[in-house]
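Novice: Quick one: the structure is below, and I'll ask about it shortly.
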Ligand code: ARG
């Protein structure tokens, strides 16, 4: 039972006028811990009892059963509760020491799957910063859901189908060079794509040719398939290089093409249920009753299917294959309308599980305050940018710890961790400015700052040659360690909140607060000095490092033991 509940229970027996739930909601956490750990404002009681608030507070503070607390005192119209630091710290430390990295693991999701549609770049196009956000956020959400017992299924819904592949085939057949594509696949294919789009403006027959080739592709024509497969394979080699750097893996690379033979079913169901309407030769589903102005376009007049048709087939397939309890789509804000349509069509089709689908959008990244735009040359090329982050990390480590043995691995963990952490600490819906210097800094609310706090603790533990024992009682009651204990005690709830809100930033902000609290403690306390509390201080350090490392792991960020 948590402390708020303990207080609510005790109060409820004294004041039958309020029920436990109401008391629970009224409890506040004072800004200043001199005013206790929790406070109850008595104003609502004053109204019912028609007594002066000060008087009520004083009477209740006198009467309440104060076991579990250091003290309970009335200050003006508040009852302030001071928790028993010694007994709570010993409970919390023993929990962390016993569970290790499993501390805060929960079983809420046991037996349930969560399907996470994430990353999902487009074949033959550059991997954008939006795809990076989706990759990093999706990966962290997978870790967070697994921590509370779900099985996460990470799906890379590659953009590998559509008329643009007809365009590419035509362009390649006209101007393509095999060696060049092999050497720099995405670059070369993008050039071909840009060129054919430009030329098609003056030669609309190219458009027609492209449509024909895509039709052939949809029909399984051998030449078309071979080229398509090759473009896809080459692009994936590049994408996988990036995924390796980021240390992100997927359970499925079934992209849009995978659903080519699974869309008839969708169209048939829609037809049977009488949901398809003809509109200028195209087949659409009207969604006005959902307040959605634009109908969902299922089939074009030439019979070609669309992005949403494939997403409908994918949703059906995923429900059948993974029987998900939740299906989430980590995709930029700009696709909100698409996902509203997707959910509404599934609901029209009679699938109650459409309620389990959530679009998890995120905001835009800018560079030097300006929107990114390939056309204006304001781009972030991911591979060189990651290399640069690692470089900067290496320089800082060289300055701090020139004799470090596995410098390269540490620089990689710090550089890549810095980019991920900066992204994840931002409230998902907000964008941010891509500022490598701020990201890799060891100061401020950054990944390296948290990693450094963790490494510093590991170094303290090494110096002390300390390993905690599950049989020993550790306990502390000073104000600085108390801040740390309260945070560690809160970790399980933090994870639940992050999962409920699909919001890794809740975990990232927690990690920053915990690192800050430890650094403050470290500045005030000589942990290694001979002292009766020495072992408890070391146990606190150990527990902090364990939780910091686990919080970072949930974010997909490594925590080196030395840096
Ligand atoms: N390939 C798409 C894009 O880059 C993202 C796909 C998102 N997932 C989905 N199931 N629609 O914009």
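Numbering (the working numbering), first residue to last: 1437 to 1999.
Every residue gets a Cβ at the ideal spot worked out from N, C-alpha and C, and that includes glycine.
Counting Cβ pairs, one atom from each stretch, are 3 or more of them under 8 Å apart for the segment 1885–1893 and the segment 1968–1988?
Specialist: Output reads yes: the segment 1968–1988 touches the segment 1885–1893.
Novice: Under the criterion of a Cβ to heavy atom distance below 7 Å, does residue 1557 qualify as lining the ligand ARG?
Specialist: As a first step, residue 1557 must be located in the chain shown, where it is residue number 121. Indeed, a heavy atom of the ligand ARG lies less than 7 Å from the Cβ.
Novice: When the Cα of residue 1719 is compared with those of 1728, 1725, 1702, which residue comes out closest?
Specialist: What you label residue 1719 is simply residue 283 of the chain shown in a count that begins at 1. The residue with the shortest Cα to Cα distance from residue 1719 is 1702.
Novice: Just how far apart, CA to CA, sit residue 1495 and residue 1438?
Specialist: For the purposes of this step, residue 1495 is taken as residue 59 along the chain shown, with counting starting at 1. For the purposes of this step, residue 1438 is taken as residue 2 along the chain shown, with counting starting at 1. Taking the straight line from one Cα to the other gives about 25 Å.
Novice: Is any heavy atom in the ligand NAP found nearer than 7 Å to the beta carbon of residue 1765?
Specialist: With respect to small molecules bound, the structure shown includes the ligand ARG and not the ligand NAP.
Novice: If you follow the alpha helix (DSSP H) that residue 1858 is part of, which residue opens it and which one closes it?
Specialist: Counting from one through the chain shown, the residue named residue 1858 turns up at place 422. Looking at the DSSP string, the run of the alpha helix (DSSP H) that includes residue 1858 is 1843–1861.
Novice: If you compare alpha carbons, which of 1784, 1588, 1924 is closest to residue 1536?
Specialist: Sequence index remark: in the chain shown, residue 1536 carries index 100 (1-based). Residue 1924 is the option with its Cα nearest to residue 1536.
Novice: Name, in chain order, the residues that DSSP records as bridge partners for residue 1511.
Specialist: Walking along the chain shown from the start, residue 1511 turns up at place 75. For residue 1511, which the question treats as bridged, DSSP gives the partners 1514.
Novice: Out of 1744, 1518, 1482, 1453, state which residue places its alpha-carbon closest to the alpha-carbon of residue 1440.
Specialist: By 1-based counting over the chain shown, the position of residue 1440 is 4. The shortest Cα separation from residue 1440 among 1744, 1518, 1482, 1453 belongs to 1518.
Novice: Could you pull out every residue in the same chain whose Cβ sits closer than 7 Å to the Cβ of residue 1949, ignoring the five residues on either side in sequence?
Specialist: Taking the first residue of the chain shown as position 1, residue 1949 is located at position 513. Excluding residues within five positions, the ones whose Cβ falls inside 7 Å are 1923.
Novice: Rank 1552, 1670, 1680 by C-alpha distance to the C-alpha of residue 1592 and give the top, closest one.
Specialist: The residue labelled residue 1592 in the question sits at position 156 within the chain shown. Nearest C-alpha to residue 1592: 1552.
Novice: Can you check whether the C-beta of residue 1887 is within less than 8 Å of a C-beta belonging to chain B?
Specialist: The chain inventory of the structure shown lacks chain B, comprising one protein chain alone.
Novice: Scan the segment 1551–1635 and note each continuous alpha helix (DSSP H) run of 4 residues or more that stays entirely inside, going in chain order.
Specialist: Correct list: 1565–1583, 1599–1611, 1614–1619.
Novice: Is residue 1749 near the ligand ARG, in the sense that its beta carbon is under 7 Å from a heavy atom of that ligand?
Specialist: Looking up residue 1749 in the chain shown gives position 313. Result no, Cβ not under 7 Å from the ligand ARG.
Novice: Quick check on residue 1487: does DSSP put it in helix, strand or coil?
Specialist: Taking the chain shown and counting its residues from 1, one reaches residue 1487 at position 51. Here residue 1487 sits in coil by DSSP.
Novice: For residue 1697, count neighbouring C-beta atoms within 10 Å of its own C-beta (all shown protein chains included) and say buried if the count is 16 or more, exposed if not.
Specialist: Numbered from 1 along the chain shown, position 261 holds the residue referred to as residue 1697. Exposed, since its Cβ has fewer than 16 Cβ neighbours within 10 Å.
Novice: Out of curiosity, what's the CA-to-CA distance linking residue 1658 and residue 1633?
Specialist: Sequence index remark: in the chain shown, residue 1658 carries index 222 (1-based). Sequence index remark: in the chain shown, residue 1633 carries index 197 (1-based). Each residue's Cα considered, the two are about 24 Å apart.
Novice: By Cβ distance below 8 Å, which residues in the same chain neighbour residue 1713 in space, the five residues on each side in sequence not counted?
Specialist: As a first step, residue 1713 must be located in the chain shown, where it is residue number 277. Correct list, in chain order: 1719, 1720, 1721, 1722, 1731.
Novice: Near residue 1503, which residues of its chain fall below 7 Å by C-beta distance, leaving aside the five closest residues on each side in sequence?
Specialist: In the chain shown, counting from the first residue as 1, residue 1503 sits at position 67. Taken in chain order, the list of residues that qualify is empty.
Novice: Might you give, ordered along the chain, the residues of its own chain that have their beta carbon closer than 6 Å to the beta carbon of residue 1695, omitting 5 neighbours on each side?
Specialist: Translated into the one-based positions of the chain shown, residue 1695 becomes position 259. Cβ within range, chain order: 1746, 1749, 1750.
Novice: Cβ of residue 1792 versus every heavy atom of the ligand ARG: is any distance shorter than 7 Å?
Specialist: Residue numbering aside, residue 1792 sits at position 356 when the chain shown is read from its first letter. Answer for residue 1792: no, Cβ out of range of the ligand ARG.
Novice: What residue from 1499, 1757, 1752, 1516 has the CA that sits closest to residue 1469's CA?
Specialist: Residue 1469 sits at position 33 when you count from the first residue of the chain shown. Out of 1499, 1757, 1752, 1516, 1516 has the C-alpha closest to the C-alpha of residue 1469.
Novice: Taking only runs of the beta strand (DSSP E) that begin and end inside the segment 1710–1741, which ones reach a length of at least 3 residues, in chain order?
Specialist: Correct list: 1712–1715, 1718–1721, 1732–1735.
Novice: Considering only their Cβ atoms, is the gap separating residue 1938 from residue 1764 smaller than 8 Å?
Specialist: As a working mapping, residue 1764 is identified with position 328 in the chain shown. As a working mapping, residue 1938 is identified with position 502 in the chain shown. Result yes, Cβ atoms of residue 1764 and residue 1938 sit closer than 8 Å.
Novice: Return yes when the C-beta of residue 1553 is under 7 Å from any heavy atom of the ligand ARG, and no when it is not.
Specialist: Locating residue 1553 in the chain shown gives position 117, counting from the first residue. Correct: residue 1553 has its Cβ closer than 7 Å to the ligand ARG.
Novice: What residues match up with residue 1688 in a beta bridge as DSSP calls it?
Specialist: In the chain shown, the residue the question calls residue 1688 occupies position 252. Answer is 1591, bridged to residue 1688.
Novice: Where does residue 1801 sit, in a helix, a strand or coil, going by DSSP?
Specialist: As a first step, residue 1801 is located in the chain shown; it is residue number 365 there, counting from the start. Three-state DSSP puts residue 1801 in a strand.
Novice: Of all the options 1743, 1485, 1446, which has the alpha carbon lying nearest to the alpha carbon of residue 1774?
Specialist: For this step, residue 1774 is matched to residue 338 along the chain shown. If we check each option's Cα against that of residue 1774, 1743 comes out closest.
Novice: Pick helix, strand or coil for residue 1657, following the three-state DSSP scheme.
Specialist: Taking the first residue of the chain shown as 1, we reach residue 1657 at position 221. Reduced to three states, the DSSP call for residue 1657 is coil.
Novice: DSSP three-state call for residue 1936: helix, strand or coil?
Specialist: Looking up residue 1936 in the chain shown gives position 500. Reduced to three states, the DSSP call for residue 1936 is helix.
Novice: For residue 1946, I'd like the list of residues in its chain whose CB is within less than 8 Å of its CB, leaving aside the five on either flank, ordered along the chain.
Specialist: On the chain shown, position 510 is the one that residue 1946 refers to. 1923, 1926, 1927, 1930, 1987, listed in sequence order.
Novice: Is it true that the segment 1824–1844 meets the segment 1903–1918, where meeting means three or more beta-carbon pairs spaced less than 8 Å apart?
Specialist: With a cut-off of 8 Å, the segment 1903–1918 and the segment 1824–1844 do not count as touching, because too few Cβ pairs lie within range.
Novice: Taking residue 1886 and residue 1953 to be in contact with their CB atoms under 8 Å, please state how far apart those CB atoms are, rounded to whole angstroms.
Specialist: Here residue 1886 refers to the residue found at position 450 of the chain shown. Here residue 1953 refers to the residue found at position 517 of the chain shown. Contact doesn't hold; Cβ gap of about 12 Å is too wide.
Novice: For residue 1532, which residues of its own chain have a beta-carbon under 6 Å away from its beta-carbon, when the five flanking residues on both sides are left out?
Specialist: What you label residue 1532 is simply residue 96 of the chain shown in a count that begins at 1. So the list reads 1539, 1979, 1982, once near-sequence residues are dropped.
Novice: Which residues in the same chain as residue 1825 place their Cβ atom closer than 8 Å to its Cβ, once the five residues preceding and following it in sequence are excluded?
Specialist: Here residue 1825 refers to the residue found at position 389 when the chain shown is read from its first residue. Closer than 8 Å at the Cβ level, and outside the excluded window around residue 1825, lie 1851, 1852, 1854, 1855, 1872, 1875, 1876.
Novice: Determine, using beta carbons only, whether residue 1870 and residue 1991 come nearer to each other than 8 Å.
Specialist: Here residue 1870 corresponds to residue number 434 of the chain shown, with the count starting at 1. Here residue 1991 corresponds to residue number 555 of the chain shown, with the count starting at 1. Result no, Cβ atoms of residue 1870 and residue 1991 do not sit closer than 8 Å.
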